[in-house]
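Student: Next up is a structure, given as structure tokens.
There are 2 protein chains.
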Amino acid sequence: MKLYQSDRAPNPRRVRVFMAEKGIDFNEIEIVDLDLVAAENLSEEYKRKNPLGGVPTLELDNGTCIAESMAISRYFEETHPEPPLMGTDAESKAIIEMWNRRMELNFLFPVAMAFRNISGAFADREKCSPEFGEISLERATKMFGFLNKHLANNEYIAGDSYSVADITALCTVDFARVVKLRIGEDQTHLKRWHDAVSARASAQA
Amino acid sequence: MKLYQSDRAPNPRRVRVFMAEKGIDFNEIEIVDLDLVAAENLSEEYKRKNPLGGVPTLELDNGTCIAESMAISRYFEETHPEPPLMGTDAESKAIIEMWNRRMELNFLFPVAMAFRNISGAFADREKCSPEFGEISLERATKMFGFLNKHLANNEYIAGDSYSVADITALCTVDFARVVKLRIGEDQTHLKRWHDAVSARASAQA
Numbered sequence: 001m002k003l004y005q006s007d008r009a010p011n012p013r014r015v016r017v018f019m020a021e022k023g024i025d026f027n028e029i030e031i032v033d034l035d036l037v038a039a040e041n042l043s044e045e046y047k048r049k050n051p052l053g054g055v056p057t058l059e060l061d062n063g064t065c066i067a068e069s070m071a072i073s074r075y076f077e078e079t080h081p082e083p084p085l086m087g088t089d090a091e092s093k094a095i096i097e098m099w100n101r102r103m104e105l106n107f108l109f110p111v112a113m114a115f116r117n118i119s120g121a122f123a124d125r126e127k128c129s130p131e132f133g134e135i136s137l138e139r140a141t142k143m144f145g146f147l148n149k150h151l152a153n154n155e156y157i158a159g160d161s162y163s164v165a166d167i168t169a170l171c172t173v174d175f176a177r178v179v180k181l182r183i184g185e186d187q188t189h190l191k192r193w194h195d196a197v198s199a200r201a202s203a204q205a
Numbered sequence: 001m002k003l004y005q006s007d008r009a010p011n012p013r014r015v016r017v018f019m020a021e022k023g024i025d026f027n028e029i030e031i032v033d034l035d036l037v038a039a040e041n042l043s044e045e046y047k048r049k050n051p052l053g054g055v056p057t058l059e060l061d062n063g064t065c066i067a068e069s070m071a072i073s074r075y076f077e078e079t080h081p082e083p084p085l086m087g088t089d090a091e092s093k094a095i096i097e098m099w100n101r102r103m104e105l106n107f108l109f110p111v112a113m114a115f116r117n118i119s120g121a122f123a124d125r126e127k128c129s130p131e132f133g134e135i136s137l138e139r140a141t142k143m144f145g146f147l148n149k150h151l152a153n154n155e156y157i158a159g160d161s162y163s164v165a166d167i168t169a170l171c172t173v174d175f176a177r178v179v180k181l182r183i184g185e186d187q188t189h190l191k192r193w194h195d196a197v198s199a200r201a202s203a204q205a
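Respectively, the protein sequence lines represent chains C and A. Be aware that the first sequence starts at 1, since it is given in the UniProt record's numbering, and climbs by one per residue. Be aware that the second sequence starts at 1, since it is given in the UniProt record's numbering, and climbs by one per residue.
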């Protein structure tokens, strides 16, 4: 099994943290680092594995390639059910999926859109709109406040248990430093949660 | 059980088509239509059910509210496993999730971003960037070509079987008319697929 990834991007980290929480031995998987700045993820060879060129991609021993962080995470959820990170019954699966998607659509994506459109880090391969970057930055900023309130009444993002939604939120908060967003001094609930999830061994993956 | 939704938006349609494919009786569910133009989805009452204000939201009889189309779909996948629309084993679940996400991130979202940022349909409640709208329109346009090629070798979006990825793609192609995108005369594979999925009874849901 091979994992094509990059150490600096937030999406591969989501998969690495997920795998660490599952207790998957990284030595059993060949890690292939791609240099995104050098556009190694857009080579013809890599695009045969993932035609849209994103990272990470998991290549199974039978040659099947699975792209998209959450598709890879779901593969590992099925092959390594314990501990469950995506719920255990219809209701908890739905609630965790809801919160994970909220963390993606309303938090990770605005942060990524702010970064890419303001910095122009990938302007050699995509059109940028600094105007939309600023709009995205404002949306991402608001989510820090939303999450602080939410975590006043919830131990974890999706409620009582650590889940994939915490992984997405953790990777987003940490990545947000690239657009100079940090947890505010007064956002004590968000800080309590961030300290707790950062203290787990998986956060180092 | 209550489904808060809107007939004109693409995301509630994804859930309705999913439910129809599952053979769920719409008479057993109370459908509550919200007028998005009148911002009924941003009322204090509705935001107690879904604080981020999107549609659809499914309210269970125990009061639990599930927002996000794919979280609601996952709930029904669990409670009504047949026919499976999200895969049956680790590999097929991952492949379908990958393709569904590609259809969302690279197709539905660019179409939605083009619509919202160019038309300013929700400019009373969100900042718009026509510049980013045009960038998104270009990305969405390219996906029609990508999908036409993909469907030359695949009967359905995720391979041999109809799945949730087809539902997302169908709702996106049909919604794309709002930004004047249509399947090209020469995109015969995409047209073959669109005719097939549109002919299913669920497409009318």
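Ideal Cβ placement from N, Cα and C applies to all residues, glycine included.
My understanding is that C/Thr168 touches C/Glu78, with C-beta atoms under 8 Å, so please give their C-beta distance in whole angstroms.
Tutor: That pair is no contact at about 19 Å.
Student: In the segment 60 to 85 of chain C, which residues sit with their C-beta less than 8 Å from some C-beta in chain A, listed in chain order?
Tutor: Those residues of the segment 60 to 85 of chain C that come within reach of chain A (Cβ to Cβ, closer than 8 Å) are Leu60, Thr64, Ile66, Ala67, Glu68, Met70, Ala71, Ile72, Arg74, Tyr75, Glu78, Thr79.
Student: Which one of A/Phe76, A/Val179, A/Met143 has the shortest CA to CA distance from residue 210 of chain A?
Tutor: The structure shown has nothing for residue 210 of chain A, since chain A only spans 1 to 205.
Student: Expressed to the nearest angstrom, what Euclidean distance is found between the alpha-carbon atoms of A/Ala196 and A/Glu82?
Tutor: The alpha-carbon atoms of A/Ala196 and A/Glu82 are separated by roughly 21 Å.
Student: Bridge partners of C/Ala67, per DSSP?
Tutor: In the DSSP output, where bridge partners are listed per residue, C/Ala67 has C/Thr57.
Student: Quick check: C/Ile118 and C/Gly133, are their CB atoms within less than 8 Å of each other?
Tutor: Yes.
Student: Less than 8 Å between the CB atoms is what I'm expecting for residue 208 of chain A and A/Ser129, so what's the real figure, rounded?
Tutor: Nothing about residue 208 of chain A can be read from this structure; chain A reaches only from 1 to 205.
Student: Distance cutoff 8 Å, beta carbons only. Does A/Met98 sit that close to anything in chain C?
Tutor: Judged by the 8 Å Cβ criterion, A/Met98 is in contact with chain C.
Student: Since C/Ala123 and A/Met98 should fall inside the 8 Å C-beta cutoff, what is the C-beta to C-beta distance between them, to a whole number of angstroms?
Tutor: Actually they do not touch by this definition, with Cβ atoms about 27 Å apart.
Student: Go ahead and label residue 210 of chain C buried or exposed: buried means 16 or more other beta carbons lie within 10 angstroms of its beta carbon, across all protein chains shown.
Tutor: The structure shown does not extend to residue 210 of chain C, since chain C is modelled only from 1 through 205, so no value can be given for it.
Student: At a Cβ threshold of 8 Å, is residue 290 of chain C touching chain A?
Tutor: Given that chain C is displayed from residue 1 to residue 205, the structure contains no residue 290 of chain C and the question cannot be resolved.
Student: Taking A/Leu52 as the query, report the chain C residues whose CB atoms sit under 9 Å from its CB, ordered along the chain.
Tutor: Near A/Leu52 (Cβ distances below 9 Å), the residues of chain C are Arg102, Leu105, Asn106, Phe146.
Student: Check each residue of the segment 129 to 145 of chain C: if its Cβ is closer than 8 Å to any Cβ of chain A, include it; give the result in chain order.
Tutor: Residues Ser129, Glu131, Phe132, Ile135, Glu138.
Student: Would you list the residues sitting across from C/Tyr4 in a DSSP beta bridge?
Tutor: In DSSP, C/Tyr4 forms a bridge with C/Val32, C/Thr57.
Student: Assign A/Gly133 to one of three DSSP states: helix, strand, or coil.
Tutor: Helix, per DSSP.
Student: Are the Cβ atoms of A/Leu36 and A/Ala67 separated by less than 8 Å?
Tutor: No, they are not a contact pair.
Student: Would you say C/Ala94 lies against chain A (beta-carbon separation less than 8 Å)?
Tutor: Output row for C/Ala94: interface = yes.
Student: From C/Met19 to C/Phe76, what distance separates their C-alpha atoms?
Tutor: When rounded, the distance between both Cα atoms is 7 Å.
Student: Please confirm if A/Lys22 has its CB atom under 8 Å from at least one CB of chain C.
Tutor: Answer no: the Cβ-Cβ gap between A/Lys22 and chain C never drops below 8 Å.
Student: Where does C/Asp166 land, buried or exposed, given buried means 16+ other C-beta within 10 angstroms?
Tutor: Burial call: buried.
Student: Helix, strand or coil for C/Tyr156? Go by DSSP, reduced to three states.
Tutor: In this structure, C/Tyr156 counts as strand in the three-state DSSP scheme.
Student: Expressed to the nearest angstrom, what Euclidean distance is found between the alpha-carbon atoms of C/Asn62 and C/Phe109?
Tutor: C/Asn62 and C/Phe109: Cα-Cα distance of roughly 32 Å.
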